[in-house]
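Report on the structure given below.
Chains as they are written, first to last, in the numbering used here: chain A, 1 to 114; chain B, 115 to 227.
Next comes the structure, spelled out in structure tokens:
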């Protein structure tokens, strides 16, 4: 099955700087790559996703890049704020099929310091 | 705004007991899931249920079984709990299989003594 590696596991940045999280996957058939944010004591929530027909997607301060050849994708948070502090999970899946499964990375704990 | 509801919030039990967790979604979605999130925050899919088809993660022990009465409900039963079952169990739903946002419930925290 699909394996998703996520690095770093812990990331500490200063407010106003950028934060980058990198993920890699194994299944070349994977075509959907969401990112979830989980705040302490809360459930994971989707913040941005990208499909294999795109290389870049931006929603406000969130940028996702996808390199299908290298089987890598990344999340970049520009101008980080203390409210960005949370666990971030990348994930990968293929659309449809009976063996659909969303595989999550191990998570990155982001801390934004004032 | 909560649209995926889970009960109970917490459950403490002893090894060997049977437990059941409930999940209901009001989003009209066709697909529901159960995930296990351990103390290191690892998120692992346990089951997917879509159009009466159950997809099981092959690593899930057989003491776990999902139960669905309709597409808005997916419960989880654990026949004889083990200490390693202590975790947060997250229910989620999505409009369909593959390529859709998944909406997570608040989770049920299970502690096995």
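In this text, a Cβ means the ideal position worked out from N, Cα and C, and glycines have one as well.
All figures in this text were calculated on a predicted structure; none of them were measured in a lab.
**Prompt:** Exposed or buried, which one is residue 197(B) when buried takes at least 16 other CB atoms within 10 Å?
**Reply:** Against the second chain, residue 197(B) aligns to sequence position 83. Taking every protein chain shown into account, the CB of residue 197(B) has fewer than 16 other CB atoms within 10 angstroms, so this residue is exposed.
**Message:** Nearest by alpha-carbon distance to residue 185(B): which of 129(B), 130(B), 210(B) is it?
**Reply:** As a first step, residue 185(B) must be located in the second chain, where it is residue number 71. Among 129(B), 130(B), 210(B), the Cα nearest to that of residue 185(B) belongs to 210(B).
**Prompt:** Is DSSP giving residue 5(A) helix, strand or coil here?
**Reply:** Position 5 of the first chain holds residue 5(A). Strand at residue 5(A).
**Request:** Using a Cβ cut-off of 7 angstroms, pull out every chain B residue sitting near residue 43(A), in sequence order please.
**Result:** Taking the first chain and counting its residues from 1, the one referred to as residue 43(A) is at position 43. For residue 43(A), the chain B residues whose Cβ falls inside 7 angstroms of its Cβ are 204, 218, 219, 220, 221, in order along the chain.
**Nearest residue (CA-CA) to residue 239(B), options 135(B), 128(B), 131(B)** = The first residue shown for chain B is 115 and the last is 227, placing residue 239(B) beyond what the model contains.
**Residues from the stretch 187 to 211 of chain B in contact with chain A, defined by Cβ distance under 7 angstroms** = Listed in sequence order: 204, 211.
**Prompt:** Does DSSP put residue 82(A) in a helix, in a strand, or in coil?
**Reply:** Walking along the first chain from the start, residue 82(A) turns up at place 82. If DSSP states are grouped into helix, strand and coil, residue 82(A) belongs with the helices.
**Item:** Which listed residue (204(B), 200(B), 212(B)) has its alpha carbon closest to that of residue 91(A)
**Value:** Along the first chain, read from residue 1 onward, the residue named residue 91(A) stands at position 91. For residue 91(A), the nearest C-alpha among the options comes from 212(B).
**Message:** So residue 51(A) contacts chain B; which residues on that side make the cut at Cβ distance below 9 angstroms?
**Reply:** If you number the first chain from 1, residue 51(A) lands on position 51. Contact note: residue 51(A) reaches chain B through 213, using a C-beta cutoff of 9 angstroms and chain order.
**Closest Cα partner of residue 154(B) within the set 201(B), 220(B), 214(B), 216(B)** = Counting from 1 along the second chain, the entry for residue 154(B) is found at position 40. For the residues 201(B), 220(B), 214(B), 216(B), the minimum Cα distance to residue 154(B) belongs to 201(B).
**Message:** Looking at chain B, is there any beta carbon in it that lies within less than 8 angstroms of the beta carbon of residue 56(A)?
**Reply:** Residue 56(A) sits at position 56 when you count from the first residue of the first chain. Chain B contact via Cβ: absent.
**Item:** Collapsed DSSP secondary structure at residue 199(B) in the structure displayed
**Value:** Position 85 of the second chain, counting from 1, holds the residue named residue 199(B). The answer is helix: DSSP assigns residue 199(B) an H, G or I state.
**Message:** I'd like to confirm the pairing. Which residues does DSSP put opposite residue 76(A) in its beta bridges?
**Reply:** As a working note, residue 76(A) is residue 76 in the first chain. In the DSSP assignment, the residues bridged to residue 76(A) are 20(A), 63(A).
**Prompt:** Can you round the beta-carbon distance between residue 88(A) and residue 108(A) to whole angstroms, since I take them to be within the 8 angstroms contact cut?
**Reply:** Residue numbering aside, residue 88(A) sits at position 88 when the first chain is read from its first letter. Residue numbering aside, residue 108(A) sits at position 108 when the first chain is read from its first letter. Indeed, because the Cβ distance is near 5 angstroms, the residues count as touching under 8 angstroms.
**Asked** Should residue 157(B) be flagged as near chain A, meaning a C-beta pair shorter than 8 angstroms?
**Response** Working through the second chain from its first residue, we reach residue 157(B) at position 43. At least one chain A Cβ lies under 8 angstroms of residue 157(B).
**Request:** Return the chain-ordered list of same chain residues with a C-beta closer than 7 angstroms to the C-beta of residue 82(A), the five sequence neighbours on each side being excluded.
**Result:** In the first chain, residue 82(A) corresponds to position 82, counting from 1. 15, 112, 114, listed in sequence order.
**Asked** Count the other CB atoms within 10 Å of the CB of residue 199(B); is the residue buried (16 or more) or exposed (fewer)?
**Response** By 1-based counting over the second chain, the position of residue 199(B) is 85. Around the beta carbon of residue 199(B), 16 or more other beta carbons lie within 10 angstroms, which makes this residue buried.
**Request:** Could you name the residues that DSSP lists as bridge partners for residue 32(A)?
**Result:** Taking the first chain and counting its residues from 1, one reaches residue 32(A) at position 32. The secondary-structure analysis by DSSP pairs residue 32(A) across a beta bridge with 51(A), 93(A).
**Prompt:** Can you list the residues of chain B that residue 101(A) reaches, using a CB-CB cut of under 8 angstroms?
**Reply:** On the first chain, residue 101(A) is found 101 positions in, with the first residue counted as 1. The answer, in chain order, is 159, 162, 169, 171.
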